[in-house]
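Structure first, then comments.
There are 2 protein chains.
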Amino acid sequence: MKPHLTNSISSSLKHFSSSTINVLIKPGHILKQARIFSFSDISEYSNLTHDSNPLHFDLKCAKNAGFADIPVPGMLVASLFPRIIASHFPGAVYVKQTLEFKTPVFVRDRIMAEVKANNIRQIKDKYLVKFATTCFKDGDIVVVIDGEATAILPTLAVKQP
Amino acid sequence: MKPHLTNSISSSLKHFSSSTINVLIKPGHILKQARIFSFSDISEYSNLTHDSNPLHFDLKCAKNAGFADIPVPGMLVASLFPRIIASHFPGAVYVKQTLEFKTPVFVRDRIMAEVKANNIRQIKDKYLVKFATTCFKDGDIVVVIDGEATAILPTLAVKQP
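So the sequences go chain by chain: A and B.
Take the first sequence: its position 99, counted from the start at 1, is 96 in my numbering, and no numbers get skipped.
Take the second sequence: its position 56, counted from the start at 1, is 53 in my numbering, and no numbers get skipped.
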């Protein structure tokens, strides 16, 4: 069974919920967070990034592109990965990210994002960690984003946000 | 000389500035956009993504991580790539993105983002285009983000936003 380190999602590992317990991340550990995006999130993303792709506002445009509904911008969904890493490792520095957008995310879809530590390497007093990064929907079964992230962590101690 | 298709940045190719001219994107074409990020942008990104990494708010944390100043979140800078593509090809669908964060971006840095069409493949009535995606700073010399994006474009006709 894979070890899971979750924040507020899973209640199955409550013994990780106290920040007084010094859990160190190890290869195989998974950190998760769920989110449901709203039309307001899409609008705020557009204002912030100056990206006004009609795909994310105009149902006709979305249908012309082959979608059943208006999709959430992929890079907004992908922001779940650095958010999860930073919430458990404040001060984490993002080095690399690969993203494959496999299935559209629609408003009201419950998205489960997870990062799984695959490789940990100490460099002086910091840690270079490679994570598998995946987002799921439809009961955590359908993969919507797949990829890898590499981050420099100031510590291996997992903070419970 | 590489062909450049720019929006509001370069004035060297003003003949592309009219939307009545039907310019088709070809391998080698480059689309560019500049941006300077503010502390307000970082704050809005944090509110939208729920990412409160102190690296992007606390100078002491940024210095502990080896930065001279507070860095702009990498994924916020990377949002320039889909923004450029969508502004010239409304309705574009993002398929893949790789990102290597090579140098930090600080508030007030002038960032030049460019996407260069490397490969174009027609699939039925749409086009699968692979772009080299790069962000520069310091007079467009220092690479801050390097990577590749793949997008499905509804047309090869370049719109001038």
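Built from N, CA and C at the ideal position, the CB exists for glycine as well.
Partners in chain C for residue i, counting only beta-carbon separations shorter than 9 Å
{"i": "His47(B)", "result": "Of the protein chains in the structure, A and B, none is chain C."}
is_contact[residue i, chain A] using C-beta, thresh 8 Å
{"i": "Tyr124(B)", "result": "no"}
{"i": "Gly71(B)", "result": "yes"}
{"i": "Ile142(B)", "result": "no"}
{"i": "Asp106(B)", "result": "no"}
is_contact[residue i, chain B] using C-beta, thresh 8 Å
{"i": "Leu21(A)", "result": "no"}
{"i": "Ile6(A)", "result": "Per-residue confidence for Ile6(A) stands at a pLDDT of 35, beneath the threshold of 50, marking its modelled position as unreliable; the derived number appears in the next sentence. Not one chain B Cβ lies under 8 Å of Ile6(A)."}
{"i": "Gln94(A)", "result": "yes"}
{"i": "Cys132(A)", "result": "no"}
{"i": "Val90(A)", "result": "yes"}
{"i": "Asn50(A)", "result": "yes"}
{"i": "Pro24(A)", "result": "no"}
{"i": "Glu97(A)", "result": "yes"}
{"i": "Asn61(A)", "result": "yes"}
{"i": "Asp137(A)", "result": "no"}
{"i": "Asp66(A)", "result": "no"}
{"i": "Lys111(A)", "result": "Reading the sequence as shown, one finds Glu at residue 111(A) and not Lys. No, its Cβ sits nowhere closer than 8 Å to a Cβ of chain B."}
Own chain, CB closer than 6 Å to residue i, minus 5 neighbours either side, in chain order
{"i": "Val155(B)", "result": "Leu2, Val20, Ile22 and His85"}
{"i": "Lys127(B)", "result": "Asn115, Asn116 and Thr147"}
{"i": "Leu28(B)", "result": "Leu2, Ile81, His85 and Val112"}
{"i": "Cys58(A)", "result": "Pro51 and Leu52"}
{"i": "Leu153(B)", "result": "Leu21, Ile22 and Tyr124"}
{"i": "Lys11(A)", "result": "Residue placement at Lys11(A) cannot be trusted, given a pLDDT of 36 that sits under 50; the coordinates are not used to answer."}
{"i": "Ser43(A)", "result": "Ser49"}
{"i": "Phe36(B)", "result": "Val104"}
Environment of residue i [buried if 16+ CB atoms lie within 10 Å]
{"i": "Gln119(A)", "result": "exposed"}
{"i": "Pro24(A)", "result": "exposed"}
{"i": "Ile33(A)", "result": "exposed"}
{"i": "Asn50(B)", "result": "buried"}
{"i": "Leu56(A)", "result": "exposed"}
{"i": "Phe133(A)", "result": "buried"}
{"i": "Gly71(A)", "result": "buried"}
{"i": "Asp135(A)", "result": "exposed"}
{"i": "Val139(A)", "result": "exposed"}
{"i": "Asp48(B)", "result": "buried"}
{"i": "Asp63(A)", "result": "For clarity, residue 63(A) is Gly in the given sequence; the question names Asp instead. Answer is exposed; the Cβ neighbour count stays below 16."}
Beta-carbon contacts of residue i that lie in its chain and below 8 Å, excluding the five residues immediately before and after
{"i": "Ala31(B)", "result": "Ile6, Arg107, Ile108, Met109 and Ala110"}
{"i": "Ile39(A)", "result": "His53, Phe54, Ile67, Val69, Pro70, Leu73 and Val104"}
Own chain residues within Cβ distance below 7 Å of residue i, not counting five before or after
{"i": "Val90(A)", "result": "Ala148 and Ile149"}
{"i": "Gly144(A)", "result": "Gln94, Thr95, Leu96, Glu97 and Thr130"}
{"i": "Pro79(A)", "result": "Tyr91"}
{"i": "Asp137(A)", "result": "Met109"}
{"i": "Leu45(B)", "result": "none"}
DSSP bridge partner residues for residue i (one or two, in chain order)
{"i": "Asn61(B)", "result": "Per DSSP, none; premise fails for Asn61(B)."}
{"i": "Gly144(B)", "result": "Leu96(B) and Thr130(B)"}
{"i": "Leu150(A)", "result": "Tyr124(A)"}
{"i": "Gln119(A)", "result": "Tyr124(A)"}
{"i": "Val90(A)", "result": "Ile149(A)"}
{"i": "Leu21(A)", "result": "Ala154(A)"}
{"i": "Phe34(A)", "result": "DSSP, once it has assigned bridges, lists no residue as partnering Phe34(A)."}
{"i": "Pro68(A)", "result": "Phe103(A)"}
{"i": "Val139(B)", "result": "Lys134(B)"}
### Query
On the three-pair Cβ rule with 8 Å, is the segment 69 to 77 of chain A touching the segment 95 to 102 of chain A?
Cβ pair count under 8 Å is three or more, so yes.
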